[in-house]
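Be aware that the sequence shown starts at 104, since it is given in the working numbering, and climbs by one per residue.
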Amino acid sequence: MSYAGETGPYVSGSLGLSQPSDTDITGTGINTSLDSDLGYGYALALGNAFGNGVRAEVEVNYRDSSVDSIGSASGAGDISGLGVMFNGYYDFNMDSAWTPYVGAGVGRARISYDGVSPVGGSRINDGDSVFAYQAIGGVSYKLNDQANMFSEYRYFGTEDPSFRTASGVDVDAEYGEHRFMVGLRWFFDAPKPAPAPAPVPVAAPAPVAQPAPAPAPPPAPAPVAEVVSNYLVFFDWDKSDITEGARAIVAEAARNSRTAGISRIEATGHADRSGTDRYNLGLSQRRAQAIGAELVRQGVPAENIVLQWKGERDPLVVTDDGVREPQNRRVEIVFN
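Next up, the structure:
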């Protein structure tokens with residue numbers, strides 16, 4: 104079954120809590136550790152979702168925290184980081200409004216020490232730009248056709264930045280950070296319904312010469328029962344799985360298409376009105392794809408199958424928005 108997820112460009116913003124890891128600071132005559140208080144962080148991103156679960160984005164992020172202690176002494180000063188990252192994500196299709204995801208990113212970060220002391224009897228007011236990386240895991244919730252709310256955990260790390268103390272001593276430090284974020288993702292475009300296939304032109308038959316009158320034919324054989332050319336396959340609410348009863352209907356359609364020599368089968372997915380337009384369009388697509396896969400499993404050539412999906416736009420039973428009407432959760436199979 105194919106993935107039917109978010110598609111198109113988006114922007115996102117998030118903010119949350121930042122907890123830097125313990126930091127070792129080393130240099131000539133200096134070997135100490137630094138602990139930071141819980142701070143804050145935020146991020147802004149511009150990205151694109153490709154409809155198959157994959158997303159890519161460019162992100163600007165910032166975090167800031169105060170120094171708690173250095174060695175055994177109380178510390179002073181602030182540590183901040185400004186990063187530009189290129190992130191990749193994979194969204195896991197759960198057939199629901201909830202979507203877990205994982206991601207990773209690489210880029211550059213400017214790590215700044217502002218009045219950090221005491222370090223070797225001096226203080227640090229300096230910064231360094233270094234390679235940065237992050238690992239991401241979270242879950243999003245679809246609010247409507249264009250807005251998703253999300254919550255995520257990030258680990259952000261860099262190569263060791265280098266600083267110079269006010270007394271002129273060069274030191275190396277570490278930087279790592281745990282961050283818990285909440286945010287909003289806004290998609291600019293909603294997916295459009297799949298266009299109906301263009302009709303196949305049929306050439307006019309060549310003229311046939313009239314034969315000479317023939318003798319009366321023998322009695323015609325008994326008429327053959329007409330093959331059914333329309334089938335309805337129904338689904339459980341918010342599902343695209345094929346039940347055993349539905350599988351028997353698809354098997355009957357596959358047999359009859361072979362008996363009648365059908366070369367074109369249309370399978371059109373539909374949904375009821377209990378979800379958003381955007382979500383129902385994706386759900387009807389997954390239902391059509393599930394029926395197409397089952398027809399192929401039953402022996403119908405894939406090139407004979409045309410898949411379409413209409414979301415909630417063409418109900419079998421007209422209802423108000425939000426109604427879970429079982430007869431509208433369907434795929435229509437039509438021989439053409």
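Glycine is no exception: its CB is placed at the ideal position from the N, C-alpha and C atoms.
Can you name, in chain order, every residue of its own chain whose Cβ lies under 8 Å from the Cβ of residue i, other than the five neighbours on each side?
i: residue 422; result: 375, 376, 428 and 431
i: residue 199; result: 341
i: residue 165; result: 144, 145, 146, 183, 184, 185 and 186
Excluding five sequence neighbours on each side, which residues of the same chain lie with their C-beta closer than 6 Å to the C-beta of residue i?
i: residue 227; result: 216, 219, 266 and 268
i: residue 386; result: 374
i: residue 238; result: 207 and 258
i: residue 441; result: As shown, the chain starts at 104 and ends at 439. That puts residue 441 outside it, with no answer to give.
i: residue 169; result: 140 and 181
i: residue 124; result: 279
i: residue 251; result: 243, 245 and 288
i: residue 172; result: 138 and 178
i: residue 356; result: 334 and 436
i: residue 366; result: 407
i: residue 194; result: 108, 156, 202 and 204
i: residue 354; result: 401
Please name the residue, chosen from the options, that lies closest to residue i on a Cα-to-Cα basis.
i: residue 391; options: 405, 411, 404 and 383; result: 411
i: residue 209; options: 417, 336 and 187; result: 187
i: residue 121; options: 346, 271, 396 and 285; result: 285
i: residue 133; options: 273, 113, 282 and 249; result: 273
i: residue 369; options: 382, 225 and 406; result: 406
i: residue 248; options: 395, 113 and 435; result: 113
i: residue 359; options: 329, 385, 349 and 343; result: 329
i: residue 337; options: 371, 365, 331 and 236; result: 371
i: residue 143; options: 246, 176, 173 and 182; result: 182
i: residue 380; options: 424, 251 and 270; result: 424
i: residue 270; options: 283, 236 and 224; result: 224
i: residue 339; options: 222, 433, 232 and 119; result: 433
i: residue 68; options: 167, 156, 118 and 365; result: The shown model of the chain, from 104 to 439, leaves out residue 68, and the question about it has no answer.
i: residue 364; options: 190, 402, 154 and 393; result: 402
i: residue 281; options: 167, 400, 393 and 353; result: 167
i: residue 131; options: 426, 275 and 290; result: 275
i: residue 192; options: 129, 346, 394 and 109; result: 109
i: residue 152; options: 291, 261 and 135; result: 291
i: residue 343; options: 384, 354, 320 and 111; result: 384
Within its chain, find whatever has a CB closer than 7 Å to the CB of residue i; leave out the 5 residues flanking it on each side and keep chain order.
i: residue 277; result: 126, 127 and 263
i: residue 229; result: 216, 266 and 267
i: residue 255; result: 239, 240, 241 and 284
i: residue 160; result: 148, 149, 150 and 190
i: residue 352; result: 334 and 336
i: residue 261; result: 212, 214, 233, 234, 235 and 278
i: residue 221; result: 173 and 176
What would DSSP say about residue i, mapped onto helix, strand or coil?
i: residue 320; result: coil
i: residue 430; result: helix
i: residue 253; result: strand
i: residue 266; result: strand
i: residue 332; result: coil
i: residue 340; result: coil
i: residue 140; result: coil
i: residue 127; result: strand
i: residue 439; result: coil
i: residue 160; result: strand
i: residue 273; result: strand
i: residue 132; result: coil
i: residue 119; result: strand
i: residue 259; result: strand
i: residue 65; result: Residue 65 lies beyond the residue range present for the chain, which begins at 104 and ends at 439; the question has no answer from this structure.
i: residue 291; result: coil
How far does the alpha helix (DSSP H) with residue i in it extend, from its first residue to its last?
i: residue 362; result: 347-362
Considering residue i, what are the terminal residues of the beta strand (DSSP E) in which it resides?
i: residue 278; result: Premise fails: residue 278 is in no beta strand (DSSP E) and is neither H nor E.
i: residue 228; result: 225-245
Return no unless some Cβ of chain D is closer than 7 Å to the Cβ of residue i.
i: residue 396; result: This model lacks chain D altogether; it includes just one protein chain.
| query | Counting only runs that start and end within the stretch 163-222, where is the beta strand (DSSP E) found for 3 or more residues in a row? | reply | Listed in chain order, the beta strand (DSSP E) runs fully inside the stretch 163-222 are 179-194 and 201-222, counting runs of at least 3 residues.
| field | Length at least 4, wholly inside the stretch 361-428: the alpha helix (DSSP H) runs in chain order | value | Qualifying alpha helix (DSSP H) stretches, in chain order: 380-400.
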